[in-house]
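Inspection log for the structure reproduced underneath, given as structure tokens.
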Amino acid sequence: MNSLLRATRDAGQIPLSWAGSTLEMDYLNFGDALSPVMVALLSGLDVARVPTKSKSIRMGAVGTIGHGFEGGEVWFWGTGCSGWKNPSAPMPERLPFTVPPESTFHVPASRGPVSARLLGGKAKGGVYGDPVWLLPRFYKPQVEKKWDVGVILHLSELADRSFTQANPRADYKRFEVPAEFADRVHLISTVTPIGIGGLQDKVDEILACKRIVSTSLHGMVIAESYGIPCLYFSPQGNEAGLTLTELTPEGTTDLRIVDLYTGIGKDKIWSYSQPRGIATDWQDVLDTIDDVWEPVSIDEDALINAFPLEAKPLAAPAGKTVWDHPVLTGLVLQHSVEELRREDRKRVALVRAGGAKTEAAATVAAAAKPAPALKVVSAMTIPSTPTPAKPLAATASSAPMPTSPMTDGSAAIARAPEPVLEPTPAPAAVAAPAAAKPGAPSRERLEALLRFNAKRLSIPLSWVATTSEHPHANLGDALSAVVVAAIAGIPVRRAAFDDASERMVAVGTIGHAQKNGVLHFWGTGMDATLNPVDRSIRQYMRPQNTDFVVHGVRGRKTQAVLRGQGITVPDVFGDPVWFLPRIMPMNHVKKTHELGVILHISELASMDPQSGVKEALKRYNIPPSLAGSIRLINTYTAPKVDAFAAKVEEIVSCKRIISTSLHGMVIAETYGVPCGWFGTYEGGRLLLDVDDPENRIDHRIRDFYSGVGKPGVIAFCRDRSLETPWEDVITWIDETWQPLRYDGRDLFEAFPVAHGVSFDDAVWPVSGDVYARIPF
């Protein structure tokens with residue numbers, strides 16, 4: 035049994051490195067994203083992403099990524115490699131790639147002989163092929179042909195990262211399509227939406243073409259493997275037309291193309307040369323493909339036999355395609371690079387501290403996604419025995435593939451001095467203490483909690499968290515993590531808005547931005563004018579590959595949007611921030627200001643806690659006579675619970691609140707501070723009916739008050755260019771505000787996982803350790 039197979043068996047997941055998407059990216063690159071897909075398809079197992087630079091055992095598969103690996107032990111299967119260690123650097127700064135020190139490379143298969151030589155494998159007589167070539171074994175639909183030719187662009191040829199259409203760079207004339215060919219020539223981008231559904235759609239888009247020309251390597255791989263007549267669309271040369279291209283690593287042809295086709299046994303291929311600055315004769319392209327293309331193949335059985343794990347291929351669920359298999363829909367395709375590195379450091383530290391036996395346990399701990407459901411044992415407890423690894427036979431094995439696993443010594447190896455650590459089974463997980471809760475929680479709640487908490491005792495939650503570009507927290511958004519953790523009694527962890535996983539979605543107007551996976555909405559709001567997939571469509575539409583489990587929403591307006599898309603929504607309403615007084619009691623706070631004025635973040639001069647209001651917004655001018663009585667409040671804070679509490683205290687210290695911000699209103703209402711909405715148009719004192727569409731009310735405000743049963747919103751509306759009569763604002767609030775008759779019990783009872791607190795308790799104490807473990 036090789037080391038990768040042993041580590042995978044112990045962990046129940048395959049540690050795989052690939053060129054995946056980061057949190058800063060809202061798209062996938064088609065070819066790179068197929069790496070975890072192909073590994074999961076052939077193994078039947080879940081895949082966990084790990085960094086390329088690591089001291090752990092891991093696998094590399096699809097993509098030109100071999101040059102990026104450093105440290106530890108790596109098993110390559112169909113992987114490509116650049117001749118440069120830093121291929122993106124300017125040419126004078128590039129360094130030749132060699133196997134790094136303290137690294138052990140196993141090369142049972144590479145994409146081609148060029149990569150094999152670089153990685154230390156067999157430059158002659160090895161096993162070659164791109165794993166994506168195996169995709170037709172799993173997915174071979176009947177797709178109607180729509181276009182005479184598909185033109186697949188490389189990422190570098192695109193003007194943007196739109197996944198609705200391919201937009202070539204303006205100076206690349208070769209992609210211009212005249213009107214007479216508009217219905218025959220189809221430009222295809224390799225940029226896809228994040229999620230398995232986007233990858234399937236991209237494959238189908240390619241299959242809908244009668245012919246293909248491609249600058250992209252994986253455009254060629256898909257076309258060749260599915261038998262679509264195709265030619266490499268070379269940008270080389272001074273003249274357009276058919277070219278017999280020499281495949282030499284020292285030449286000017288894309289090394290990826292050279293690697294792939296020399297692995298097939300070719301030393302020359304027909305290609306269609308088209309300089310980027312010259313318009314293409316599309317009829318000649320069509321005729322040329324028809325004249326010269328001939329099918330080619332790789333030794334697929336050899337590539338499968340070289341798979342360094344047991345081949346237990348997935349089969350499509352009954353009545354569906356293999357893309358619908360839970361192993362694929364559960365893949366996480368977008369990650370925080372910082373989080374991956376942090377978890378990898380923990381894994382390496384565990385190995386050093388406890389020896390090789392901790393490697394598999396660390397791999398489990400570092401997995402960047404929830405695992406399958408665990409057995410229900412108690413409301414807040416993880417089993418005292420380890421979660422069993424997924425059986426390597428997986429869930430289906432009917433696909434027609436041989437199942438000959440690798441054995442030690444059968445792969446070419448490039449070694450450096452570091453010894454290889456051999457993992458042993460993970461130690462038993464320690465049961466977490468159960469949180470006290472009156473009454474027995476429902477089985478459904480327990481199952482949801484355990485699904486969420488599989489392998490890591492925390493709840494995956496989508497919220498608007500801080501980023502490296504925006505390191506300050508917006509109070510309302512950040513309180514989502516605070517409230518959910520307080521009620522559950524355990525931490526939360528970040529889940530991306532388009533992660534293909536099961537997760538909670540709570541505070542904020544963020545429901546419309548969620549897609550992929552299983553979404554548990556609880557107190558969530560939506561913008562009915564925003565589309566989760568195509569921003570050019572000014573209407574919400576239910577995204578594909580997304581399951582909705584709605585426990586409650588912020589208000590009736592959000593309910594109507596979801597129901598309009600056929601989604602079941604109960605009559606449970608409220609914003610979870612309503613529970614804040616139980617989590618952050620403010621009985622000690624003294625009143626210091628007559629009026630607090632809470633700004634929306636869009637009204638600030640900069641995105642930080644010290645920022646003042648934009649100079650042009652004269653309605654926030656405060657005369658010297660009222661300077662000590664009126665307080666402008668910025669909702670940005672440091673991303674710490676103490677800072678959140680200080681900001682809430684700042685709000686509660688005011689006798690009255692006027693707010694442009696929704697959560698300024700919610701916090702004021704729940705702490706019993708008289709308040710009103712500060713509308714941004716001229717109108718003065720207004721009492722606005724939330725159900726009257728003629729009334730100009732911020733849709734978030736309308737949604738919240740429709741849910742808590744208050745038909746009229748107290749508002750003082752003032753154009754931002756005009757100064758505000760502050761005494762009139764104070765008088766209006768004093769004359770009209772009444773406390774809400776809403777307690778939030780239904781929303782509390784609808785909490786998706788088991789409660790760690792009781793609704794009847796006035797205060798919900800939260801362990802400091804819980805907050806310390808939340809990545810605000």
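In our numbering, each residue carries its 1-based index in the sequence shown increased by 34.
Idealized CB from N, CA, C, for every residue including glycine.
If you're wondering where the values come from, they're calculated on a predicted model, not measured in any experiment.
Through-space distance from residue j to residue i, alpha-carbon basis
i	j	result
LYS681	ILE544	22 Å
LEU278	VAL183	21 Å
ASP581	GLY231	13 Å
TRP497	PHE738	18 Å
GLY706	THR42	55 Å
THR296	GLY146	6 Å
LEU722	LEU553	33 Å
GLY160	ALA143	7 Å
ARG379	PRO49	15 Å
GLY698	ILE632	6 Å
PRO347	VAL71	11 Å
ARG665	ILE701	16 Å
PHE793	HIS359	40 Å
LYS300	SER88	35 Å
ASP511	LYS674	13 Å
PHE712	ILE601	33 Å
ALA242	PRO329	18 Å
VAL185	ILE323	13 Å
PRO269	SER307	6 Å
ARG527	VAL747	35 Å
LYS244	PHE215	14 Å
GLY598	ALA547	17 Å
ILE692	LEU629	7 Å
GLY275	TYR266	12 Å
ARG375	GLY155	28 Å
ALA336	GLY106	26 Å
LYS648	ILE667	13 Å
In DSSP terms, what residue i is bridged to
i	result
GLY608	Bridge partners of GLY608: none, in fact.
PHE267	TYR306
PHE750	ARG719
VAL526	ILE493
GLU104	LYS87
TYR162	SER144
ILE815	With the chain covering 35 to 810 only, the question about residue 815 has no answer from this structure.
PRO121	Looking at the DSSP assignment, PRO121 forms no beta bridge with any residue, so it has no partner.
PRO202	LEU192
Range covered by the alpha helix (DSSP H) that runs through residue i
i	result
THR592	590-597
HIS554	No alpha helix (DSSP H) contains HIS554, which is instead part of the beta strand (DSSP E) from 551-558.
GLY154	Per DSSP, GLY154 belongs to no alpha helix (DSSP H) and is neither H nor E.
HIS733	733-741
MET620	Unbroken run through MET620: none, as it is neither H nor E.
SER37	37-45
Extent of the continuous beta strand (DSSP E) to which residue i belongs
i	result
PHE582	580-587
GLY114	Counting along the chain, GLY114 falls outside any beta strand (DSSP E), and DSSP gives it neither H nor E.
GLU536	536-539
Local conformation of residue i per DSSP, three classes
i	result
LEU129	coil
LEU6	Residue coverage of the chain in this structure runs from 35 to 810, which leaves residue 6 outside it and unanswerable.
ILE91	strand
ALA407	Per-residue confidence for ALA407 stands at a pLDDT of 29, beneath the threshold of 50, marking its modelled position as unreliable; the derived number appears in the next sentence. Note: ALA407 maps to coil in three-state DSSP.
LEU756	coil
HIS220	strand
SER55	strand
TYR670	strand
TRP771	coil
SER636	helix
ILE601	coil
ALA352	coil
GLU280	strand
PHE785	coil
ARG83	strand
SER792	coil
HIS359	coil
HIS627	strand
ILE99	coil
LEU564	coil
Proximity test, residue i beta-carbon vs the ligand FMN heavy atom, cut-off 7 Å
i	result
ARG92	With respect to small molecules bound, the structure shown includes none, and the ligand FMN cannot be examined in it.
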